[in-house]
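Presented below is the structure to which this report refers.
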Amino acid sequence: MLDFSFDTLNWIKALHIISAIAWMAGLLYLPRLFVYHAEAHIDSELYKTFIIMERRLLYFIICPAMLSSLTFGLLLLFSFDPIIWSFWWWKIKLISLFLLLLVQILMMYLRGLFILNKNIYSQTFYRYFNEVPTILMIIIVIMAVVEPF
0 MLDFSFDTLN WIKALHIISA IAWMAGLLYL PRLFVYHAEA HIDSELYKTF
50 IIMERRLLYF IICPAMLSSL TFGLLLLFSF DPIIWSFWWW KIKLISLFLL
100 LLVQILMMYL RGLFILNKNI YSQTFYRYFN EVPTILMIII VIMAVVEPF
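Under numbering that gives the first Met the number 0, the first residue of the sequence shown carries the number 0, and numbering increases by one thereafter.
Next up, the structure:
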């Protein structure tokens, strides 16, 4: 268990929340770009522009925000009493976080399909897929704030 001062712990919490917001903003926007990308013609300038936009969003916003969110989250985790592991809300939050990481990996794969001009999914698929990070975010926030179990 790490022993942070009250002020330090508050700064870590704030930076964790800021990082998580930036990460979620990216995870919510990238599938929306995929919707428009799926509508664009492969040989068009618009198609190429989406590839650039997606790369920038992924590597300049999503990945750094994810890394900082996980880093500050781990610092918070190790500052809490180990009894936290006995609560179900914490386990559900971690499972949801793991699923969110898998969603990000899937987004990176889907982006690769666009780069290779091998996208097989429709804009409708991406519209539904866009809801997955939102649902996971809702679960994570409720578990962290309400601690229902």
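Beta carbons: idealized from backbone N, C-alpha and C, even for Gly.
These figures come from a predicted structure and were not determined experimentally.
Annotated three-state conformation of P132 is helix, per DSSP. Proximity of the segment 71–90 to the segment 6–22 meets the contact definition, three or more beta-carbon pairs being nearer than 8 Å.
Between E53 and Q122 a beta carbon distance of about 15 Å is seen, past the 8 Å cut, so the two are scored as non-contacting.
The C-alpha of L98 lies about 24 Å from the C-alpha of I114. Inclusion of M106 and L29 in the CB contact set at 7 Å is warranted, their separation being smaller than that value. Inclusion of I60 and G25 in the CB contact set at 7 Å is warranted, their separation being smaller than that value.
Distance from M23 to I91 at the Cβ level is roughly 18 Å; contact not present, criterion being Cβ atoms closer than 8 Å.
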